[in-house]
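Take 1 as the starting number for the sequence shown in full-length UniProt numbering and just add one per residue. Heads up, the beta-carbon is just placed ideally off N, CA and C, and yes, glycines get one too. Values in this document were obtained by computation on a predicted structure and should not be read as measured data. See below for the structure under consideration.
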Amino acid sequence: MGMSVSQGGSGRGGHRRRGRKHGVMSEINVTPFVDVMLVLLIIFMVAAPMLTVGVPIDMPETQAKALNADTQPITVTVNQAGQVFLQETEIPADEIVAKLQAIAQTGYEERIFVRGDKAADYGMVMQVMARINAAGYRNLGLVTLPEQTN
């Protein structure tokens with residue numbers, strides 16, 4: 001009483017499609033993946049230097065060698081207009097000591113770099129350094145650019 005109906009008409013049970021000789025391909029084509037990764041690599045290589053922007057100042061040049069720092073130091077900046085910045089945040093000059101004490105991780109041994117625009121008032125830069133020194137911070141450094149030889 002049982003009757004079987006074939007679907008493909010070819011008598012093979014109809015499980016294969018016409019023109020296909022192999023099963024499903026289960027391999028991943030990595031060429032587009034590598035292309036996308038290379039494009040992302042180039043984008044990050046171009047964008048990374050743009051992310052390290054600070055307060056724009058024109059620093060004086062010296063013949064001193066660059067320092068090797070393991071951690072990012074605390075930076076106090078005085079720009080051409082006499083504004084004072086702690087890292088990249090503008091602060092009033094009389095609040096420098098309180099802010100430094102709040103962020104200094106190793107206490108009075110913390111390395112603090114003072115960056116001064118070469119057109120900034122010398123007295124303002126010295127006033128900032130004097131306040132930091134009077135608060136007990138002794139590890140101060142002035143940041144300059146390497147001297148250009150023409």
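Can you give me the start and stop residues for the alpha helix (DSSP H) that residue 97 sits inside? Stepping through the sequence shown from its first residue, residue 97 is reached at position 97. Run containing residue 97: 96-103, per the alpha helix (DSSP H) assignment.
Are residue 90 and residue 139 touching if we call contact CB-CB under 8 Å? For the purposes of this step, residue 90 is taken as the residue at position 90 of the sequence shown. For the purposes of this step, residue 139 is taken as the residue at position 139 of the sequence shown. Residue 139 sits away from residue 90, with the two beta carbons spaced by 8 Å or more.
Taking contact to mean 3 or more Cβ pairs, one atom from each stretch, closer than 8 Å, check whether the region 108-125 and the region 140-149 are in contact. Under the three-pair Cβ rule at 8 Å, the region 108-125 counts as touching the region 140-149.
Secondary structure of residue 109, DSSP reduced to three states: Position 109 of the sequence shown, counted from the first residue, corresponds to residue 109. Helix at residue 109.
Just curious, the beta strand (DSSP E) that residue 74 is in, first and last residue? Indexing the sequence shown from 1 puts residue 74 at position 74. Residue 74 -> beta strand (DSSP E) spans 74-78.
CA-to-CA distance, residue 41 to residue 73, given in whole angstroms: For the purposes of this step, residue 73 is taken as residue 73 along the sequence shown, with counting starting at 1. For the purposes of this step, residue 41 is taken as residue 41 along the sequence shown, with counting starting at 1. Spanning the two alpha carbons is a distance of roughly 29 Å.
Exposure of residue 122, with buried meaning 16 or more beta-carbon neighbours within 10 Å: Start at 1 with the first residue of the sequence shown, and residue 122 comes out as number 122. Under the 10 Å beta carbon count, residue 122 is surrounded by fewer than 16 other beta carbons and is classified as exposed.
Excluding the 5 residues flanking residue 83 on each side, which residues of the same chain have their C-beta closer than 7 Å to its C-beta? Here residue 83 corresponds to residue number 83 of the sequence shown, with the count starting at 1. Within the same chain, residue 83 has close Cβ partners 90.
If you count every other CB in all the chains shown that lies within 10 Å of the CB of residue 120, and 16 or more means buried, which is it? Working through the sequence shown from its first residue, we reach residue 120 at position 120. The residue in question, residue 120, is buried, as its Cβ has 16 or more Cβ neighbours within 10 Å.
Round the Cβ separation of residue 135 and residue 100 to the nearest angstrom and send it over; I've been treating them as touching at under 8 Å. To locate residue 135, count along the sequence shown from 1; it is residue 135. To locate residue 100, count along the sequence shown from 1; it is residue 100. That pair is a contact at about 7 Å.
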